[in-house]
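Below is one structure, written out as structure tokens; the observations come after it.
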Amino acid sequence: MCPLRSLLLLSTLVFLHHLPHLSLGRSLPPTTAGPGRSCLNYSQNLLRAVSDTLQKARQTLEFYSCTSEEIDHEDITKDKTSTVEACLPLELAT
């Protein structure tokens, strides 16, 4: 955003903040679809999908917590196995 637009936005926000009785911000129309709107929607959908996947993974893995005693650090380099795969059940490791 160019400095002039930033200044205009900032001054508008300050003006609206100091005049709450006008409630101009509540009467503004919703944003219309534009070229940047589809990119925003795509980004929001991507973030939502990543968040859902992470939450599902956390729920699945909470019953399979690895402790340092369960991991054999010597076999990691010999078998080329990661520490996570070393203590997970076979159905979750693939």
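Per this note's numbering, residue 3 is the first one in the sequence shown, and the count goes up by one each step. Backbone N, C-alpha and C fix where the C-beta goes; we use that ideal spot for every residue, glycine too.
Span separating the alpha-carbon of Q46 from that of R39: Translated into the one-based positions of the sequence shown, residue 46 becomes position 44. Translated into the one-based positions of the sequence shown, residue 39 becomes position 37. Cα-Cα distance, rounded: 10 angstroms.
Pairwise C-alpha distance: C41 and T62: Along the sequence shown, read from residue 1 onward, the residue named residue 62 stands at position 60. Along the sequence shown, read from residue 1 onward, the residue named residue 41 stands at position 39. Approximately 32 angstroms between the Cα atoms of the pair.
Length of the line joining the Cα atoms of R50 and K58: As a first step, residue 50 must be located in the sequence shown, where it is residue number 48. As a first step, residue 58 must be located in the sequence shown, where it is residue number 56. For R50 and K58, the distance between alpha carbons rounds to 12 angstroms.
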